[in-house]
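Written out below as structure tokens is the structure these notes cover.
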Amino acid sequence: MKRVLVIATGGTIASAEEGSGLAPALTGEQLVAFVPEVAQVCRVEVAQVMNVDSTNMRPEGWLTIAGEVRRSYDDFDGFVVLHGTDTLAYTAAGLSYLVQGRPKPIVLTGSQLPIGDPGTDGKRNLLDAVLVARDDAAAGVMVAFGGKVISGTAARKVRTRSFEAFDSLNVPDLGRVRDGRVEWADGVCERMCGAAWACAAEEVGGAPSAARFYDELNPRVAVLKLTPGMDALVVDALRPACDALVVEAFGLGGIPEYDGITETLLAWVDAGKTLVMTTQCPYEGADLSVYEVGRAFCDRPGVLMGGSATTEALLAKTMWALAQAADPDGVVDREKLAELFASC
Ligand SMILES: NC(=O)C[C@H](N)C(=O)O
8 MKRVLVIATG GTIASAEEGS GLAPALTGEQ LVAFVPEVAQ VCRVEVAQVM NVDSTNMRPE
68 GWLTIAGEVR RSYDDFDGFV VLHGTDTLAY TAAGLSYLVQ GRPKPIVLTG SQLPIGDPGT
128 DGKRNLLDAV LVARDDAAAG VMVAFGGKVI SGTAARKVRT RSFEAFDSLN VPDLGRVRDG
188 RVEWADGVCE RMCGAAWACA AEEVGGAPSA ARFYDELNPR VAVLKLTPGM DALVVDALRP
248 ACDALVVEAF GLGGIPEYDG ITETLLAWVD AGKTLVMTTQ CPYEGADLSV YEVGRAFCDR
308 PGVLMGGSAT TEALLAKTMW ALAQAADPDG VVDREKLAEL FASC
């Protein structure tokens, strides 16, 4: 029987109402006990690394989860991370960059209703995630939620109440779990590699092979969604607190020319910081070379293009790449940063 480690972090799945609003109350052991089918399909152990609403999850928490996977890696065939849904997509992206190669499956899930609620989606999601984590064809970081299996770098929470809370943006779902069976989409291994992992061609398809663990992130990265009439002071105000800024431009890549917005953004890279350009449209990605209002950002040292990656993935990738590209004094090698950014 395969061995699965359930890493419990909290979230609605573990929550109960104790008079001041829903808050995590149950342990991972208690959650697993709600789903007896889990013990019938694998040997399960639980690690409780924290018990928080995912609103309070930070990049340090991603490192804690990745550290737990690393510590237990040889003892288990797969990992399930029980997590609040609100920032689950960020953590899934963070883990995708912290555990690269073609690692054993690391499957994130949670629920929209507490596991003790009679209509809960938590039992189904927990069992589905375990089924994916023990599946022979599974590898890498994934989200299993509401029957869908989604790449860890493509997930976005798109619904606040419904059970189908997550969509896969710009890449198809990796598969589905239906009636207790994992059904992978056609050509899924190639897509999984394209989405998240820097795989060599011979690593495509089949079971997990080598895992590459990283244990550093630079959390000094913010996301700025441009809005009509934004004051350049807002762009400036973020600078002291950040080493990089992920900019959600308009449409295909429009950056306002009025009131010094373009100049104030470009001053970031002149000061040695990094800009990552993306779009506020969820689908089809950005291309700043098309319109005049984006051209100034093309071929500029220090400016990286986000393509069709999600903002969640770009934030996590930037935190990872900045940490790898910095020397001990924190000076970032831009060439190395650009290479790392393009590598996964
Ligand atoms: N459904 C959920 O899990 C929401 C909860 N606030 C969390 O993210 O922890």
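In this text, residue positions in the sequence shown follow our numbering: the first is 8, and each later residue adds one.
The C-beta atom is built at its ideal place from N, Cα and C for all residues, glycine as well.
query	result
Given that a residue counts as buried once 16 or more other Cβ atoms are within 10 Å of its Cβ, and exposed if not, what is residue 163?	buried
Closer than 7 Å to a non-hydrogen atom of ligand 1 - does that hold for the CB of residue 93?	yes
Taking the alpha carbon of residue 253 as the point to measure from, which residue in 114, 271, 231, 17 has its own alpha carbon closest?	231
Can you give me the C-alpha to C-alpha distance between residue 276 and residue 239, rounded to a whole angstrom?	15 Å
Given a cut-off of 8 Å, decide if residue 180 and residue 157 are closer than it, judged by their beta-carbon atoms.	yes
Taking 7 Å as the line, does the beta carbon of residue 60 fall inside it for any heavy atom of ligand 1?	yes
Determine, using beta carbons only, whether residue 111 and residue 82 come nearer to each other than 8 Å.	no
In the segment 68-101, which residue ranges form an unbroken beta strand (DSSP E) of at least 3 residues, counting only runs that do not cross its ends?	85-89
At what residue ranges does the segment 117-144 contain a whole run of the alpha helix (DSSP H), taking only runs of 4 or more?	129-140
Spatial neighbours of residue 283 within its chain, please: C-beta separation below 6 Å, excluding the five flanking residues on both sides.	253, 311, 313, 321, 325
Using a threshold of 7 Å, is the CB atom of residue 129 nearer than that to any non-hydrogen atom of ligand 1?	no
Do residue 215 and residue 109 have their CB atoms nearer than 8 Å?	yes
DSSP three-state label for residue 267, please.	helix
Decide yes or no for the touch test of the segment 60-72 against the segment 34-49: beta carbon pairs closer than 8 Å, at least 3 of them.	no
Return yes when at least one heavy atom of ligand 1 lies under 7 Å from the C-beta of residue 350, else no.	no
For residue 12, which of 153, 114, 219 has the nearest alpha-carbon?	114
By a C-beta neighbour count over all protein chains shown, 10 Å radius and 16 as the cutoff for buried, is residue 174 buried or exposed?	buried
Ligand 2 and residue 55: does any heavy atom of the ligand fall closer than 7 Å to the residue's C-beta?	Absence of ligand 2 is noted for the structure shown, with ligand 1 being the only ligands found.
Tell me where the alpha helix (DSSP H) around residue 326 begins and ends.	318-332
I'd like the span of the beta strand (DSSP E) that includes residue 182, first residue to last.	182-185
Go to residue 15, then tell me how far its beta strand (DSSP E) extends in each direction, as first and last residue.	10-17
How would you call residue 319, buried or exposed, if buried means at least 16 neighbouring beta carbons within 10 angstroms?	buried
Label residue 104 either buried or exposed according to how many other C-beta atoms from any shown protein chain fall within 10 Å of its C-beta, with 16 as the threshold for buried.	buried
Going by C-alpha to C-alpha distance, which of 10, 55, 78 sits closest to residue 222?	78
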